[in-house]
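One structure is given here, and the rest of the page talks about it.
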Amino acid sequence: MACLVVADADYDQLEITNSSECNCSDPAYWYNELCDCDYPEATSIALVHDALPLGIWYGLVLILGAIGNSLVITVVIRYRKMRSFTNILLSSMSTADLLILLFCLPVQYCKYLSHSWIMGAFLCVAFHYVELMTMICSLMTMTTISIQRYAAVAFPMKSMSFRSKKRALKTVLVTWLFSALLAVPILFGQELEVYKTPKNVTVSWCWRRFSDHYWEKIFVLYQFVILYLGPFATTAISYLLLIQRLYFGETNSLLQENVSARSAGNANGSTAEHQQTCQAKSSQKRFCPRREQSKKVTKMLVIILLLFFVCWTPTLVDEFLVAFDYLCHTSPTTTLKYMRMIFAIMKFSNSCINPIVYAFMSNSFRTTFIIVCGPLCLKRKYSLAADSRTHNRRDSPISERSLRLHSDIRPIEVLDVVSRKQRSMKVKNAKN
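Heads up, the sequence shown is in the numbering used here, so the first residue is 81 and it goes up one at a time.
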């Protein structure tokens, strides 16, 4: 048995008949009565060959996720033009991702570094509760966005009242409250158990233990079907209907316009047909940019949903199979050990992916990201140039006042100001 943590090494399940079968290099045998193994004195033992690469990856995920999600929240709060209904809900998702990265990821890594749970009863319960709550919040937010996007395309006039900023903030508040309530059942199943080993060593393990195994199955079904598959299926169906409207509904509407134009032309002559055709073309030109923008946003949101599905499904399926006794709760093989380690990596990596998707697929997010991060690089660049040319601070191409980005200024206008100042500086240098 190759186990990463003692919680995975359930020594009661070890089938050995004599001490010759003991392997004291394996943590699983430290607690068996037939084995003459000494539990290490240190409460936390790092397995370098596992902990080092895992720590590097988790550190990278934590840094990228913290910076990226903080940027998303900052641009939505700071820039008035970014406070659309969808963007406000995306910033709520970023808040959930930030919470799981800053709170759950360090606890998960500490769990890997120790052969027992050394973080106390509170973190044993809080870790799993926050993890489940943030997952529910992210999925409910994506479901709300998908329904709103479909309603905006299918019923544009009726849905106007539901797309206000005030309604978006209320939706965020309700989503977090429901997520907190829906995650409550895990509080009754997660507990810290303290064991006394045959060597008289006290070891604490954080288990998911309900009063009866039947309730554990009920909880896993509730988590997998109601909290995960239900919202995911609703979101997927909404996007399929939305894609059908955006891509195939457009062709049908044009055909109807051509048919109506031809019928009017046959009744009233060629002049009427020409007028109907011109009106159809002008209407198409007017709504084409908006439709193309909706297609781009829909592509981005579908990719976010698929990434969430790929990253979270393995962990939830594993818990489902464990509850129904298809897999062991322990990790008796190296395959299970590293499989579950990869599942955890995928789960936490999802929290740093979304801002990268926004930057690549959304012009508005990419522009505002540049505006927020750009001044830091520009100030550094031009301060070095000013020092080399012995110019004073007043002659630098970008002043402190021009770098104050007000929330009511459009991102593209700020970029224009920066580019104009750069061009003017080049002209001054050329004259000198």
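C-beta: ideal position from N, C-alpha, C; glycine also.
Item: Where does R158 fall in DSSP's three states?; Value: helix
Item: Within 10 angstroms of the Cβ of N443, are there 16 or more other Cβ atoms? Answer buried if so, exposed if not.; Value: exposed
Item: For V252, count neighbouring Cβ atoms within 10 angstroms of its own Cβ and tell me buried if that reaches 16, exposed if not.; Value: buried
Item: Alpha carbons only, please: which of S194, F207, L203, L212 is nearest the one belonging to I306?; Value: L212
Item: According to DSSP, which residues form a beta bridge with V152?; Value: V152 pairs with nothing; no bridge assigned.
Item: With a cut-off of 8 Å, do at least 3 Cβ pairs link the region 291–309 to the region 198–207?; Value: no
Item: Give me whichever residues DSSP pairs with Q270 in a beta bridge.; Value: R288
Item: Can you tell me whether N388 is buried or exposed, with buried defined as 16 or more other CB within 10 angstroms of its CB?; Value: A small fix is needed here, since residue 388 is Phe in this sequence, not Asn. Buried: at least 16 other Cβ atoms inside 10 Å.
Item: Are there 16 or more other CB atoms within 10 angstroms of the CB of K191, so buried, or fewer, so exposed?; Value: buried
Item: With 16 as the cutoff for other CB atoms within 10 Å, does C453 come out buried or exposed?; Value: exposed
Item: Using only the alpha-carbon positions, how far apart do T448 and D177 sit?; Value: 20 Å
Item: According to DSSP, T282 sits in a beta bridge with which residue or residues?; Value: K276
Item: Which residue's Cα is closest to the Cα of L396: M426, L321, V254, R229?; Value: M426
Item: Indicate the three-state DSSP secondary structure (helix, strand or coil) for M199 in the structure shown.; Value: coil
Item: With the cut-off set at 7 Å, would you say S171 and I153 are in Cβ contact?; Value: yes
Item: Note down, in chain order, each residue of its chain lying with its Cβ closer than 7 Å to the Cβ of G260, except the 5 sequence neighbours on either side.; Value: The sequence shown places Ala at residue 260, rather than the Gly named in the question. Here the set comprises M213.
Item: So what does DSSP say about M237, is it helix, strand or coil?; Value: coil
Item: Within its chain, find whatever has a CB closer than 6 Å to the CB of S363; leave out the 5 residues flanking it on each side and keep chain order.; Value: Note that S363 has pLDDT 46, beneath the 50 cutoff, so the model's placement of it is unreliable and no number is given.
Item: Cutting at 7 Å between CB atoms, please list the residues of its own chain near A232, excluding the five before and the five after it.; Value: S239, R243
Item: Have a look at Y209 and G329 and give me their C-alpha separation to the nearest angstrom.; Value: 43 Å
Item: In whole angstroms, give me the CA-to-CA distance for L272 and G200.; Value: 8 Å
Item: Return the Cβ separation of T255 and T282 in integer angstroms, given the expectation that the two are a contact with Cβ distance under 8 Å.; Value: Contact flag wrong, Cβ pair sits at about 42 Å.
Item: Please report the Cβ distance between L267 and F428, rounded to the nearest whole angstrom; I am assuming they are in contact, meaning their Cβ atoms lie under 8 Å.; Value: Rounded, the Cβ-Cβ distance is 22 Å, inconsistent with contact.
Item: Quick check on S259: does DSSP put it in helix, strand or coil?; Value: helix
Item: Between L132 and the rest of its own chain, which residues show a CB-CB distance below 6 Å, the 5 nearest in sequence each way excluded?; Value: none
Item: Quick one: Cα of S194 to Cα of G135, how far?; Value: 13 Å
Item: If we count the other Cβ atoms within 10 Å of its Cβ and call it buried at 16 or more, is G139 buried or exposed?; Value: exposed
Item: Does DSSP put Y302 in a helix, a strand or coil?; Value: helix
Item: Compute the distance between the beta-carbons of P311 and L219, then report whether it is under 7 Å.; Value: yes
Item: Straight-line CA distance for D292 to G269?; Value: 10 Å
Item: Taking the beta carbon of K417 as the centre, do at least 16 other beta carbons fall within 10 Å, making it buried, or is it exposed?; Value: buried
Item: For I227, count neighbouring Cβ atoms within 10 angstroms of its own Cβ and tell me buried if that reaches 16, exposed if not.; Value: buried
Item: Which residues in the same chain as F304 place their Cβ atom closer than 7 Å to its Cβ, once the five residues preceding and following it in sequence are excluded?; Value: L396, F400
Item: Let me see if you follow: with CB-CB separation under 7 Å, is K379 close to chain C or not?; Value: Going by chain labels, chain C is absent from the structure shown, which holds only one protein chain.
Item: With respect to the alpha helix (DSSP H) encompassing I436, which residues constitute its N-terminal and C-terminal limits?; Value: 414–441
Item: Could you tell me if F404 is buried or exposed, where buried requires 16 or more neighbouring beta carbons within 10 angstroms of its beta carbon?; Value: exposed
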